[in-house]
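Take a look at the structure below.
Number of protein chains: 2
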Amino acid sequence: MDDTKKAWKLINGGIAAPKGFYAVGVQAEIKYKDKFDVALIFSDVQAQAAGVYTRNIVKAHPLYLTQRHLKNGLARAIVVNSGNANACVGEFGDQTAQAMAEVAGTFLAIPPEDVLVASTGVIGVKMPIDRVLNGIRVASSLLLNHVVKGIRGQKEEADQAAHQAALAIMTTDTMVKEYAYELPCSQGGVIRLGAIAKGSGMIHPNMGTMLGFITTDAFLSSEELQQILREAVDESFNMVTVDGDTSTNDMVLLMANGASGITLNGADRANFVQMVNSMCIELAKDIARDGEGASKLMEVSVSEAKTKEDARKIARSICGSSLVKAALFGEDANWGRILTAAGYSGAGFDPNKVDVYLGDLMVAQGGKGIDFSEDKAKTILELKEVKISLNLHDGKEKATAWGCDLTHEYVTINGSYRT
Amino acid sequence: MDDTKKAWKLINGGIAAPKGFYAVGVQAEIKYKDKFDVALIFSDVQAQAAGVYTRNIVKAHPLYLTQRHLKNGLARAIVVNSGNANACVGEFGDQTAQAMAEVAGTFLAIPPEDVLVASTGVIGVKMPIDRVLNGIRVASSLLLNHVVKGIRGQKEEADQAAHQAALAIMTTDTMVKEYAYELPCSQGGVIRLGAIAKGSGMIHPNMGTMLGFITTDAFLSSEELQQILREAVDESFNMVTVDGDTSTNDMVLLMANGASGITLNGADRANFVQMVNSMCIELAKDIARDGEGASKLMEVSVSEAKTKEDARKIARSICGSSLVKAALFGEDANWGRILTAAGYSGAGFDPNKVDVYLGDLMVAQGGKGIDFSEDKAKTILELKEVKISLNLHDGKEKATAWGCDLTHEYVTINGSYRT
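So the sequences go chain by chain: L and R. Residues 1 to 419 (the UniProt record's numbering) are what the first sequence spells out, left to right. Residues 1 to 419 (the UniProt record's numbering) are what the second sequence spells out, left to right.
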């Protein structure tokens, strides 16, 4: 989207930028020393909330708790840990998720049912329960101190604290993913939107694909939030693939506490929806860019497809192809692999109509190679962000997906993640 | 299968081991100097034939020709080149495939319709047509000389020549894949079966997955061959994944020329079918073992599944998981990734019933981790062939798939394949 057309603007801060939201990160020694690994996100008033989850049928224990706690569409807090997925450990896992919600509830003086829980890290290993619960206790009091200061009008430190929440949800991420946007409303006043996310490995369409937490001080019902979130996730997080593995733990949660005092209508509401979509896309791109071992962001756009689903399948299939990813790493204009990945995507199209572009350089027309400047291709492939486009000449639908290159570093990271 | 139960035995030779078959490989400089890159396989009598092909909707030009030429169920020769896929080059590609069949037909004095054509290599680049046709001419006369010697009872050199055909179909393969088996029949006499294959990259279920050529001197109709081949491929080549990419060029062809004089019945026929299956599985395992950059063979067996298709999906999903593959490379007993890959396979099962084994070491029971000896796990993961088993406790069906680890070498190979 053209920047000049955006009704909102980027502001400093992250998940705690919207009014009434606070967040902290602490070091609970779940990961390793000197790393933030427990995050707490809190609204000082009741918030409407919505969530989307992994489609993997093997689901981590906290997902069941969070789905249950979100049934009434209400939430006050999200507690997140990194370093342990709390997945595939049997009843102990359910008890751990429950204990995390209960301890957060007790220390924040809210019902445990208003606490949502998320985890990320190694699967199948029991959570160091004492450490995580202790981390939650420390995080709670730290957070309440920020609430007190916030009520007194001192919110500067709160942004710094919220940044540590962004750090605490990271696993193999190399960069923090946090954004804050502000939307001036026609009725006066502003709506803020904040988010943090983590990605890196086990990133693949079908959900979710990672952890994302989004806050806003707009007033919206949980039903509205659910619809807005589902649509935004479908165009963003669900269009990212790092390695084709759909995690057991992925979820994206959206909380709206209405603290702005503004109920969205008309153009403001439309702008808000666009702002959420835009932020989710930025986070999704960050996740792709920061894919495990990635050195490049790949953006694949498919246009003139017969159906939206065809466009989506093709874009994701190309982003997920190990051969395309390795060619990108090698800066090799191997467009045949692009067309091949489209061909096995499961989408319907006529291979003899497809044009393929690297950046603005056409490399294949009507499904066959054309003479193109290898030098120009090289210049395009050397960029940190490489755009690949396919025009199917077969309809009116389009879709964009994001991925990254496949590097030696990916292999190194994932050869030794657990040990 | 227990070796002692096999009715057949491994013999020397390859694709030309069955009576009446000849094969040669020549250096046509399509790949690079001093590499075999054109193979010719020939039956000196008319043969029944069958084929299975890639399911990628982007298909290489020779596939259309071969499918057309196989409509009558008859063939005399297969011409194959490596170094160029003859894919996505428009009409020129169809003309190239046609010219390859015509030149082979002319020089072997058989109708061009009896020639099948296969190609493998880079996609979207025009075939160096003069070189490939010249290679076919040279290969034809070389082959006819072996036929002459063969008729005179001198078939020793023919085996050596056939080995060069196996070399000529290789791309990034590091080892030749060729087998010959012999089945003594109850009526006296023997049936022989020979095969060559190539694999390495772009290897993924859904067809085919590579090039495979199989010959036998049994007498079988093309309809029988088609059924036997389809079933064998489904349990072997279609259960291999190297990188999740389904190629545009994959095909497996089976020719039966009846030169043994034996028509198969009863137990002999059943043994023959088993022998074909067994050979296809050996070739499939070789392809997985020799996957681009692979250092280990992974064999994943799923048992007690509700449906065969569920078992197949899970086995292939695990073999295809980048994270499982990287963990295998790192010799890391990260069984959580195994269960995760089962979870997103699309198969139906109850995650809380699944037992997971590395070799004979149980690492998870009822979907959750158990204490196991990391030392023992390490010993198992250090092997060149690692077996992973899942018992779903959900039914009676089973399936086995093969794959390999994901290594730095894979990235290196595929970062610079084309250039």
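Yeah, the Cβ is synthetic: ideal placement off N, Cα and C, and Gly gets one too.
- Beta-bridge partners assigned by DSSP to SER303 of chain L: L:ASN391.
- Out of R:LEU390, R:PRO351, R:LEU229 and R:LYS353, the CA that lies nearest to the CA of ASP360 of chain R is found in R:LEU390.
- In the DSSP annotation of this structure, GLY20 of chain L is not part of any alpha helix (DSSP H), being labelled neither H nor E.
- The alpha-carbon separation between GLY13 of chain L and LEU283 of chain L amounts to approximately 15 Å.
- For LYS384 of chain L, the three-state secondary structure derived from DSSP is coil.
- One finds nothing in chain L with a Cβ atom closer than 9 Å to the Cβ of VAL252 of chain R; even the nearest lies about 17 Å away.
- The C-alpha of ARG152 of chain L is placed about 35 Å away from the C-alpha of ILE129 of chain L.
- DSSP places LEU225 of chain L in the uninterrupted alpha helix (DSSP H) bounded by 222 to 235.
- Closest by C-alpha distance to LEU328 of chain L, out of L:LYS353, L:LEU65 and L:GLU299, is L:GLU299.
- Taking all protein chains shown into account, ASN414 of chain R has 16 or more neighbouring C-beta atoms within 10 Å of its C-beta and is therefore buried.
- If one requires a minimum length of 4 residues, the alpha helix (DSSP H) runs lying completely within the segment 57 to 108 of chain L are 61 to 69 and 91 to 108, in chain order.
- In the structure shown, ASP44 of chain L adopts extended strand secondary structure according to DSSP, grouped into three states.
- Taking a Cβ-Cβ cut-off of 9 Å, LEU65 of chain L has no neighbours in chain R, whose nearest Cβ is about 16 Å from it.
- Going by DSSP, MET251 of chain L is part of the beta strand (DSSP E) stretching over 251 to 256.
- At a beta-carbon threshold of 8 Å, the residues of chain L lying near SER247 of chain R are THR340, ordered along the chain.
- In the same chain as GLY343 of chain L, and ignoring 5 residues on each side of it, the C-beta atoms closer than 8 Å to its own belong to PRO351, in chain order.
- Looking at the backbone, the Cα of SER82 of chain L and that of MET210 of chain L are separated by about 12 Å.
- Neighbourhood of ILE318 of chain R in chain L, by CB distance below 7 Å: empty, with the nearest CB roughly 11 Å away.
- Relative to the Cα of ALA162 of chain L, the nearest Cα in the group L:SER301, L:GLY25 and L:GLY369 belongs to L:GLY25.
- For SER303 of chain L, the number of other beta carbons within 10 angstroms of its own is at least 16, and it is reported as buried.
- Taken through DSSP and simplified to helix, strand or coil, GLY212 of chain L comes out as strand.
- Secondary-structure assignment with DSSP links PHE36 of chain L through no beta bridge to anything.
- For TYR410 of chain R, the secondary structure class from DSSP, reduced to helix, strand or coil, is helix.
- By the neighbour-count criterion, in which a residue is buried when 16 or more other Cβ atoms sit within 10 angstroms of its Cβ, ASN72 of chain L is exposed.
- A Cβ-Cβ contact shorter than 8 Å links ILE15 of chain R with GLU178 of chain R.
- The C-alpha of VAL240 of chain R lies about 8 Å from the C-alpha of ILE287 of chain R.
- Residues of chain L whose Cβ lies closer than 7 Å to the Cβ of ALA87 of chain R are, in chain order, GLY336.
- Cβ contact annotation for ALA326 of chain R (same chain, cutoff 8 Å, sequence separation greater than five): ASP405 and LEU406, in chain order.
- Taking each of R:ARG289, R:ILE314, R:GLU292 and R:ALA294 in turn and checking the Cα distance to SER301 of chain R, the smallest one comes out for R:ILE314.
- For ALA364 of chain L, the nearest CB of chain R lies under 8 Å from its own CB, placing it at the interface with that chain.
- With a cut-off of 8 Å on Cβ pairs, the segment 30 to 39 of chain L is in contact with the segment 79 to 93 of chain L, counting three or more such pairs.
- Under a 10 Å Cβ-count criterion, LYS396 of chain R is classified as exposed, with fewer than 16 other Cβ atoms of the shown protein chains found around its own Cβ.
- In this structure, the straight-line span from the alpha carbon of ASP94 of chain R to that of THR171 of chain R is close to 22 Å.
- Taking 8 Å as the threshold, the shortest C-beta distance from LEU406 of chain R to chain L falls below it.
- Taken atom to atom, the span from the alpha-carbon of TYR22 of chain L to that of LYS387 of chain L is near 37 Å.
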